[in-house]
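Everything on this sheet refers to the single structure shown next.
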Amino acid sequence: MPETRFAKLSNGVRIAAVDRQGLCSSIGLFVHTGSRYEKADMACMPHFLELMAFRSSSHASHLRTLKTLEQLGAGVSCRVGREDILYQMDVLREYVPVALPLMLANVTCPLVLPEEVAEAKEQVLDIQQSLAENPESLVGELLHAAAYGNNTLGQPVYAEEKDLPLFTSEAIKAYLQREVTPDRLILIGVNVDFEEICKWTARSFAEVAQAQAGHDAGVQEVTVRDMTPAIYTGGALSVEEPNPLCHLMLGWEVAGGWNGSSLAAVTVLQMFLGGGGSFSTGGPGKGMHTRLYTEILNRHHWVESCQASSVMYADTGLFTVYATVMPQHAGDFVNVLARIFNGLTLISPVELARAKNALKSSIHMNLEMRAVMMEDIGRQLVIPLST
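Under the numbering used here, the residue at position 13 of the sequence shown is numbered 586, and the numbers go up by one with no gaps.
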């Protein structure tokens, strides 16, 4: 495995890179900000920032940005989370010196033009409609709200219609000035030359600093962030929908999250329980011997799918089981699941070894993908900022 190298610029930006000599590079810019750090009425701001990604900046107009990315054959995306925002780019490694400044400029010096804000506003209702049509995402949001009581991690990730009056150029610029500071930026590169990515990152920030000095922008104000710990409260939420199936998700707190002592045990438990769909095409490795398959999917025809999963944060986490069942059997499913969890003390050595091997295999297979490796390195650097 090639060595991962680290650097920190004089302004506080951190850089990590690993070069596996691949022809295509994955670059990610983590911004340590998210809905958990905002007041309830401002939790929508990180999502607004996502909707304004890769638009006009002082480096290039929106049209020029799109045309350049198109000519480079680059794939870009921006994804908002509860603890960070990730700007991601996949591009041929020889084009990194051209593509990297474009991505950095969208974070460090966006123009936030009123016409582009108006265009992005139209996406809010579309996203809410898509969320309503995707039961798995919807119950995931409801689970967070129930688990953390509509504060910190329980606050919604996505903006709603009631938040649209806050979506203005002035509000976005104020949020950028307050939250997107160099010490909260982490740049990760996979299949890039370490010296090159450091050089082009330093040059991009030097150009931004020079431009701000020319406009008498002043010194960026340092703000004190609300680092209130997420407190698990538990609870239940439900939404009546005209759906032929009942979609439900049950969750349990994982104390400490990424920093918890039970993290390894929880990941093994996730592989042990496994799960999947009642009908799934494909070859070996589908988890047919996992507990949710053998005890639920193979025995109860009224279960369409059942899957164990987990989501971790800096100070807490959630272990979940998501299922789709016939509505009249929702109560039966909960009873069956309770019986399975009560029997978790009876795990044979063969089952435990299988779960551990499945976890090892999953880790190695995922790290073969450059985008996954990029995100894995970035998460490990973001976590210390969250505690």
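The beta carbon of each residue, even a glycine, is placed where N, CA and C say it ideally should be.
Glu567 to Glu706 span [Cα, whole Å]: Because the chain is modelled from 574 through 960, residue 567 falls outside the range shown and cannot be assessed.
State yes or no: is the C-beta of Leu659 within less than 8 Å of the C-beta of Val649? In the sequence shown, counting from the first residue as 1, residue 659 sits at position 86. In the sequence shown, counting from the first residue as 1, residue 649 sits at position 76. Against a cut-off of 8 Å, the Cβ pair of Val649 and Leu659 comes out as no contact.
Do Ser608 and Val730 have their beta-carbon atoms positioned less than 8 Å apart in this structure? Within the sequence shown, numbered from 1, the residue matching residue 730 stands at position 157. Within the sequence shown, numbered from 1, the residue matching residue 608 stands at position 35. A contact, by the Cβ cut-off of 8 Å.
Where the beta strand (DSSP E) through His820 begins and ends: As a first step, residue 820 must be located in the sequence shown, where it is residue number 247. First-last of the beta strand (DSSP E) with His820: 819 to 826.
Among Ile920, Ala911, Glu714, Arg757, the one whose alpha carbon lies nearest that of Met844: Taking the first residue of the sequence shown as 1, we reach residue 844 at position 271. The residue with the shortest Cα to Cα distance from Met844 is Ile920.
Find the nearest neighbour of Leu846 within the set Ala931, Ala744, Leu716, judged by alpha-carbon distance. As a working note, residue 846 is residue 273 in the sequence shown. Comparing Cα positions, the closest option is Ala931.
Close Cβ partners of His717 (< 7 Å) along its chain, the five nearest in sequence each way excluded: Looking up residue 717 in the sequence shown gives position 144. Excluding sequence neighbours, His717 sits near Leu726, Gly727.
Top-ranked residue by Cα proximity to Gly654, from Glu611, Cys682, Arg666: Stepping through the sequence shown from its first residue, residue 654 is reached at position 81. Here the closest residue by C-alpha is Glu611.
According to DSSP, what are the bridge partners of Leu932? By 1-based counting over the sequence shown, the position of residue 932 is 359. DSSP output for Leu932 lists no bridge partner at all.
Taking contact to mean 3 or more Cβ pairs, one atom from each stretch, closer than 8 Å, check whether the stretch 753 to 773 and the stretch 581 to 600 are in contact. yes
Since Tyr895 is in the beta strand (DSSP E), which residue starts that stretch and which ends it? Here residue 895 corresponds to residue number 322 of the sequence shown, with the count starting at 1. Its beta strand (DSSP E) spans residues 890 to 898.
For Ser608, which three-state DSSP category applies? Working through the sequence shown from its first residue, we reach residue 608 at position 35. Helix.
Less than 6 Å between C-beta atoms, sequence neighbours within five positions excluded: which residues of the same chain meet that for Ala881? Start at 1 with the first residue of the sequence shown, and residue 881 comes out as number 308. Only Gln843, Leu846, Gly848, Val894 meet the Cβ criterion.
What would DSSP say about Pro575, mapped onto helix, strand or coil? By one-based count along the sequence shown, residue 575 stands at place 2. Pro575 falls in the coil class under three-state DSSP.
Does DSSP put Thr854 in a helix, a strand or coil? Within the sequence shown, the letter at position 281 stands for residue 854. Residue placement at Thr854 is flagged as unreliable, the pLDDT there being 49, under the threshold of 50; the coordinate-derived value follows with that caveat. Coil at Thr854, not helix or strand.
Can you find the residues in the same chain that come closer than 7 Å, C-beta to C-beta, to Thr801, ignoring five residues on each side of it along the sequence? As a position in the sequence shown, residue 801 is number 228, starting the count at 1. Contacts found: Thr725.
With DSSP run on the structure shown, which of helix, strand or coil describes Met615? Along the sequence shown, read from residue 1 onward, the residue named residue 615 stands at position 42. Reduced to three states, the DSSP call for Met615 is helix.
Can you tell me whether Thr681 is buried or exposed? The criterion is at least 16 other CB atoms within 10 Å of its CB, across all chains shown. Counted from its first residue, the sequence shown places residue 681 at position 108. Thr681 should be labelled buried.
Run through DSSP, which three-state label would Pro683 get? In the sequence shown, the residue the question calls residue 683 occupies position 110. DSSP places Pro683 in strand when its eight states are reduced to three.
Would you report the Cα separation of Thr806 and Ala782, rounded to the nearest angstrom? In the sequence shown, counting from the first residue as 1, residue 806 sits at position 233. In the sequence shown, counting from the first residue as 1, residue 782 sits at position 209. Their backbone Cα atoms lie some 44 Å apart in a straight line.
Residues bridged to Ser599 by DSSP? Within the sequence shown, residue 599 is the residue found at index 26, counting from 1. Bridge partners of Ser599: Asp663, Val763.
When the Cα atoms are used, what is the spatial distance from Met946 to Gln661? In the sequence shown, the residue the question calls residue 946 occupies position 373. In the sequence shown, the residue the question calls residue 661 occupies position 88. Distance between the alpha carbons of Met946 and Gln661: 12 Å.
Once DSSP output is grouped into helix, strand and coil, what is the label at Ile700? Mapped onto the sequence shown, residue 700 falls at position 127. Of the three classes helix, strand and coil, the one that applies to Ile700 here is helix, per DSSP.
Answer with buried or exposed for Thr774, where buried requires no fewer than 16 other C-beta atoms within 10 angstroms of its C-beta. Counted from its first residue, the sequence shown places residue 774 at position 201. Answer is buried; the Cβ neighbour count reaches 16.
Whole angstroms is fine: what's the gap from Phe621's alpha carbon to Pro683's? What you label residue 621 is simply residue 48 of the sequence shown in a count that begins at 1. What you label residue 683 is simply residue 110 of the sequence shown in a count that begins at 1. Their Cα atoms are separated by approximately 13 Å.
In whole angstroms, what separates the C-alpha of Leu624 from that of Asn908? Taking the sequence shown and counting its residues from 1, one reaches residue 624 at position 51. Taking the sequence shown and counting its residues from 1, one reaches residue 908 at position 335. Cα to Cα, Leu624 sits roughly 42 Å from Asn908.
His874 burial status per 10 Å Cβ neighbour count (16 or more: buried): Numbered from 1 along the sequence shown, position 301 holds the residue referred to as residue 874. When all chains shown are included, His874 counts as exposed.
Does Ile588 come out as helix, strand or coil in the three-state DSSP assignment? On the sequence shown, position 15 is the one that residue 588 refers to. Of the three classes helix, strand and coil, the one that applies to Ile588 here is strand, per DSSP.
Going straight from the alpha carbon of Glu966 to that of Val712, what length do you get? In the structure as shown, the chain starts at 574 and stops at 960, and residue 966 therefore has no counterpart that could be examined.
Candidates His862, Leu810, Lys933, of which the one nearest Ala720 by Cα: Stepping through the sequence shown from its first residue, residue 720 is reached at position 147. Nearest of His862, Leu810, Lys933 to Ala720, Cα basis: Leu810.
Return yes when the Cβ of Ala672 is within less than 8 Å of the Cβ of His632, no when it is not. Locating residue 632 in the sequence shown gives position 59, counting from the first residue. Locating residue 672 in the sequence shown gives position 99, counting from the first residue. The answer is no: Cβ separation not under 8 Å.
DSSP beta-bridge partners for Gly916? Counting from one through the sequence shown, the residue named residue 916 turns up at place 343. Note: Gly916 sits in no beta bridge, so no partner.
Go ahead and label Val812 buried or exposed: buried means 16 or more other beta carbons lie within 10 angstroms of its beta carbon, across all protein chains shown. What you label residue 812 is simply residue 239 of the sequence shown in a count that begins at 1. With fewer than 16 other Cβ atoms within 10 Å, it is exposed.
Which residues mark the beginning and the end of the alpha helix (DSSP H) in which Ala744 is found? For this step, residue 744 is matched to residue 171 along the sequence shown. Looking at the DSSP string, the run of the alpha helix (DSSP H) that includes Ala744 is 742 to 752.
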